[in-house]
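Asker:
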Amino acid sequence: MNASANNLPSRLDPFLRAEVEDLYARYSACVDSGHYEAWPGFFTEACTYKVIPRENHERGLPLATLAFESRAMLEDRVYGITQTLFHQPYYQRHSVSGILITEVTSSGIAVEANYLVIRTRSKALSEVFNTGRYIDRVVREDGSLRFAEKCCVFDSEMIPNSIIYPI
Amino acid sequence: MNASANNLPSRLDPFLRAEVEDLYARYSACVDSGHYEAWPGFFTEACTYKVIPRENHERGLPLATLAFESRAMLEDRVYGITQTLFHQPYYQRHSVSGILITEVTSSGIAVEANYLVIRTRSKALSEVFNTGRYIDRVVREDGSLRFAEKCCVFDSEMIPNSIIYPI
Amino acid sequence: MNASANNLPSRLDPFLRAEVEDLYARYSACVDSGHYEAWPGFFTEACTYKVIPRENHERGLPLATLAFESRAMLEDRVYGITQTLFHQPYYQRHSVSGILITEVTSSGIAVEANYLVIRTRSKALSEVFNTGRYIDRVVREDGSLRFAEKCCVFDSEMIPNSIIYPI
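Protein chains in written order, with our numbering: chain A, 22 to 188; chain B, 22 to 188; chain C, 22 to 188.
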């Protein structure tokens, strides 16, 4: 019942999968530990990062909850999170599953995955905060994988308060 | 500390694991995106698909919430979901984790995994809907892996309303 | 876009990853199925197992909710769970994701991962019970991987009732 190591489609290459899974694991570790200053480093300089409701995404409506179009804009966001945005702090905890490499081409690796973010506020029980699908494009840059595009398509129209930290 | 590539038990073969993990990732993507018409294609023609409470499963009681015994029955179910079953639509989002290959024999690959399904209804917050364990048998057919048996053993006796979409 | 199989850092070695992921999958299967008597066997004889609030962990405060310092103490805990601790039984279901090998040295494999435990009580809906991060050290012993250290750093100061079963 073994897979043949020959003629494998790239999405099944265990070496590539290890790198992709490691990228997502490091990304979750970064944003859940609150090391927001390291977050833009997961992206290429000319990148897009969007958080968009599923309904808009499926209807082709462009309206996004958050939309950034360069690493510099992500750095601005980090400044906002850590310095200027007034908000009640919370912990978040990602569960990223079903990482699916959908295409490997010269312009990058198309990756999708389900994500679930659990939020924990001070003196409160942990709760489901946001769930949806990552639709990403990953590229190799200086030997490392980075996100050239990250689109977080979330299922709920309702979000308990605002999304402050990176999804 | 590296694993020896020789004399590995099959459950640790990275090439087989890549195929199995890819199967589960594609399955989740299918049922969460609402492409129900593609769902029966994940199964062999003579398959079983069951959704059963943990209590019944552990006591050996056969009573299942859902039990289908062929791909044709799954196709009927899809017809029901999309055409005839009266229900309030909802989004679902799987988190499948801890994929465990328990046995590899000539009759297939025994696979178990934990699953969690988050449900999101219109104008409502996302919520824990159903969680439990997949106890599956996967076989290779025409070069692809398919489910010959899929048993979804869920922890809760109580389910918020009915299970409409595939788990 | 393939990873080079040469000069890979150990954390990206698919063979090692398969073994580590299999360890976590078997651990979850054990503690979620209620086979608590098998739980100490996942640890080395001289091990540490801790469950500690994130706030204490981040401030370097040693106060832990649970702290055991040998396999024998884990066996005592199992005796408590199954024989003496008065508690209302519940099912638990782990979702372990983002397994990240952070270091591979002669003294073991440093592994971190996000975990989420869903609890289901009799006649009740499933609910988020505990979420946080495993910070572990895994070693090879008699050919198998075991936990020499397992630290469960949980996000919430509030826990619905007590943590009875292993996280």
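Glycine is no exception: its CB is placed at the ideal position from the N, C-alpha and C atoms.
Quantities reported herein were computed from a predicted structural model and do not represent experimental measurements.
Run the CB neighbour count on PHE89 (chain C), radius 10 Å, all protein chains shown included, and call it buried at 16 or more, exposed below.
Answerer: PHE89 (chain C) comes out buried.
Asker: Can you find a CB in chain B that lies within less than 8 Å of the CB of LEU44 (chain A)?
Answerer: No, its Cβ sits nowhere closer than 8 Å to a Cβ of chain B.
Asker: My parser needs the beta strand (DSSP E) runs of 3 or more residues fully inside the segment 118 to 163 of chain C; what are they?
Answerer: Correct list: 129 to 142, 148 to 162.
Asker: With distances taken Cα to Cα, identify the nearest neighbour of MET179 (chain B) among B:GLU76, B:ASN28, B:ALA39, B:LEU166.
Answerer: Comparing Cα-Cα distances from MET179 (chain B) to each of B:GLU76, B:ASN28, B:ALA39, B:LEU166, the minimum goes to B:GLU76.
Asker: Whose C-alpha, out of A:ILE184, A:ASP157, A:GLU58, A:THR141, is nearest the C-alpha of PHE107 (chain A)?
Answerer: Of the candidates A:ILE184, A:ASP157, A:GLU58, A:THR141, the one whose C-alpha sits nearest the C-alpha of PHE107 (chain A) is A:ILE184.
Asker: According to DSSP, simplified to helix, strand and coil, what is GLU90 (chain B)?
Answerer: In this structure, GLU90 (chain B) counts as coil in the three-state DSSP scheme.
Asker: Mind pulling the chain C residues with CB within less than 7 Å of VAL149 (chain A)?
Answerer: The contacting residues are VAL149.
Asker: Can you grab the Cα-Cα spacing for the pair GLU40 (chain A) / GLU66 (chain A), in whole Å?
Answerer: Distance between the alpha carbons of GLU40 (chain A) and GLU66 (chain A) is about 20 Å.
Asker: In three-state terms, what does DSSP make of GLU170 (chain A)?
Answerer: Of the three classes helix, strand and coil, the one that applies to GLU170 (chain A) here is strand, per DSSP.
Asker: Among all the DSSP beta bridges, which residues are the ones paired with SER31 (chain B)?
Answerer: DSSP, once it has assigned bridges, lists no residue as partnering SER31 (chain B).
Asker: Taking a contact to mean a Cβ-Cβ separation below 8 Å, would you say GLU148 (chain C) touches VAL138 (chain B) in this structure?
Answerer: No; because the gap between Cβ atoms is not below 8 Å, this pair is not in contact.
Asker: What would DSSP say about PHE107 (chain A), mapped onto helix, strand or coil?
Answerer: Of the three classes helix, strand and coil, the one that applies to PHE107 (chain A) here is coil, per DSSP.
Asker: Is the segment 91 to 103 of chain B in contact with the segment 26 to 38 of chain C, if contact means three or more CB pairs nearer than 8 Å?
Answerer: Short answer: they don't touch.
Asker: Locate the alpha helix (DSSP H) running through GLU79 (chain C), then write down its first and last residues.
Answerer: Run containing GLU79 (chain C): 75 to 80, per the alpha helix (DSSP H) assignment.
Asker: Give me the Cβ distance between ASN28 (chain C) and ASP53 (chain A), rounded to the nearest whole Å; I'm assuming they're in contact under 8 Å.
Answerer: Rounded, the Cβ-Cβ distance is 30 Å, inconsistent with contact.
Asker: Tell me the rounded alpha-carbon separation between ARG140 (chain A) and TYR111 (chain A).
Answerer: When rounded, the distance between both Cα atoms is 7 Å.
Asker: Identify the residues that DSSP records as bridge partners of THR69 (chain B): which are they?
Answerer: Answer is B:GLU170, bridged to THR69 (chain B).
Asker: Measuring CB to CB, does ALA46 (chain B) end up less than 8 Å from LEU121 (chain A)?
Answerer: Yes; because the gap between Cβ atoms is below 8 Å, this pair is in contact.
Asker: Can you find a CB in chain B that lies within less than 8 Å of the CB of ASP53 (chain A)?
Answerer: Output row for ASP53 (chain A): interface = no.
Asker: Are THR123 (chain C) and GLU133 (chain C) closer than 8 Å when you measure CB to CB?
Answerer: Yes, Cβ-Cβ distance for THR123 (chain C) and GLU133 (chain C) is below 8 Å.
Asker: Specify the secondary structure class of TYR112 (chain C) as computed by DSSP and reduced to three states.
Answerer: Looking at TYR112 (chain C) - three-state DSSP - the assignment turns out to be strand.
Asker: For a contact defined as C-beta to C-beta under 8 Å, what are the partners of MET179 (chain B) on chain C?
Answerer: LYS144, ALA145, LEU146, listed in chain order.
Asker: Starting from the Cα of SER49 (chain C), find the closest Cα among C:GLU162, C:HIS115, C:CYS173, C:PHE168 and give me that residue.
Answerer: It is C:HIS115 whose Cα lies nearest to the Cα of SER49 (chain C).
Asker: Can you tell which of A:VAL72, A:VAL174, A:PHE175, A:VAL160 has its C-alpha closest to the C-alpha of LEU37 (chain A)?
Answerer: Ranking A:VAL72, A:VAL174, A:PHE175, A:VAL160 by Cα distance to LEU37 (chain A) puts A:VAL160 first.
Asker: Answer with yes or no whether the minimum CB distance from THR65 (chain C) to chain B is below 8 Å.
Answerer: It does not; no Cβ of chain B falls within 8 Å.
Asker: Between ILE120 (chain A) and chain B, is the shortest Cβ-Cβ distance under 8 Å, so that the two count as touching?
Answerer: So yes, ILE120 (chain A) belongs to the interface.
Asker: Does the beta carbon of ASN135 (chain A) sit closer than 8 Å to a beta carbon anywhere in chain B?
Answerer: At least one chain B Cβ lies under 8 Å of ASN135 (chain A).
Asker: Could you tell me the alpha carbon to alpha carbon distance between PRO187 (chain C) and GLY119 (chain B), rounded to whole angstroms?
Answerer: If I take the Cα positions, the gap works out to 16 Å.
Asker: What residues match up with SER165 (chain B) in a beta bridge as DSSP calls it?
Answerer: DSSP output for SER165 (chain B) lists B:GLU162 as bridge partner(s).
Asker: Is ARG80 (chain A) buried or exposed, if buried means 16 or more other CB atoms sit within 10 Å of its CB?
Answerer: ARG80 (chain A) should be labelled exposed.
Asker: Taking the C-alpha atoms as reference points, what is the distance between TYR70 (chain C) and ASP176 (chain B)?
Answerer: Cα to Cα, the separation comes out at about 27 Å.
Asker: Hey, how far is the Cα of TYR57 (chain B) from the Cα of GLN109 (chain B)?
Answerer: So the two alpha carbons sit approximately 16 Å from each other.
Asker: Quick one: which chain B residues come within Cβ less than 9 Å of ARG75 (chain A)?
Answerer: Within 9 Å Cβ-Cβ: TYR112, THR141.
Asker: Using a C-beta cutoff of 8 Å, does THR86 (chain A) count as contacting chain B?
Answerer: Judged by the 8 Å Cβ criterion, THR86 (chain A) is not in contact with chain B.
Asker: According to DSSP, is ASN23 (chain B) part of a helix, a strand, or is it coil?
Answerer: At ASN23 (chain B), the pLDDT of 38 sits below 50, so the modelled position is not reliable; the number obtained from the coordinates is stated separately. ASN23 (chain B) falls in the coil class under three-state DSSP.
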